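In full-length UniProt numbering, the protein residues as written are 1 to 240. Note that the Cβ used here is the ideal one computed from N, Cα and C, for glycine as well. Just so we're clear, the structure is a prediction, and the values are computed from it rather than from any experiment. Reading through the structure tokens given below for one structure.
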């Protein structure tokens, strides 16, 4: 499945005395899932806000709230090689809380460090109905996900003047605690479960120039019972 997305946002520190940042963001993701005998499209447009606390001790926490609107469609061939297509849309909501602690093994900001992290994400997608071109009535019940993650990051900071380079690798476990979905095909009940465990690994680099410009790039691979995802993300941040 091909997957891509883009996001824009901005934040502001509330005061010089408090390392608390409040921000807003908006974005869109696009996917092209492949099915047996066909394909489809999936699009999600979203917006949200976040609060980030970053203490000088190395502790941080992030709270994110997001609302989204998903649009999905598919086109497949039935057993008689006739084309069947359908489309639908639904709204969704998610919130996540992440916390971590950075332990510098050398001088803070210059040398090796270890950073344990933990995150919990709750998301839901409202139910939807669609009618396929062959008359099949499809009902998807509301879907809920409760995803937990515990990871460790090992990295190296290099500081020179007003610039800083950060290189890191990370590994950890993830678990879907919910993920049960029910659906009906012409009234006949069916179900599927996305529960399971997975392993998340990644490598990344970020570079800050003149304390204003930051570039970052990260590659991740997640694999497990109900997980199989490869992802590359990058971005630019301007601070003023």
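### Query
Does the Cβ of residue 14 have 16 or more other Cβ atoms within 10 Å, making it buried, or fewer, making it exposed?
It counts as exposed.
#### Entry: Of the listed residues 181, 171, 217, nearest to residue 223 (C-alpha basis)
Checking every option, the nearest Cα to that of residue 223 belongs to 171.
### Query
Quick one: what's got a C-beta closer than 7 Å to residue 102's C-beta in the same chain, skipping five residues either side?
Around residue 102: 58, 113, 115.
### Query
Thinking C-alpha only, which one of 18, 221, 189, 128 is nearest residue 202?
For the residues 18, 221, 189, 128, the minimum Cα distance to residue 202 belongs to 221.
### Query
Does DSSP classify residue 69 as helix, strand or coil?
Correct three-state label for residue 69: strand.
### Query
Who are the near neighbours of residue 238 in its chain, counting only those whose CB is closer than 7 Å to its CB and skipping five residues on each side?
Within the same chain, residue 238 has close Cβ partners 212, 213.
### Task
Compare the C-alpha of residue 124 against each of 145, 79, 218, 196 and name the closest.
Measuring from the Cα of residue 124, the nearest candidate turns out to be 145.
### Message
For a quick check, are the C-beta atoms of residue 130 and residue 86 less than 8 Å apart?
### Response
Yes.
### Query
Does DSSP put residue 108 in a helix, in a strand, or in coil?
Here residue 108 sits in coil by DSSP.
### Task
Pull up the distance between the alpha-carbon of residue 163 and that of residue 64, whole angstroms please.
If I take the Cα positions, the gap works out to 28 Å.
### Neighbour-count burial assignment, residue 89, 16 or more Cβ in a 10 Å radius
When all chains shown are included, residue 89 counts as exposed.
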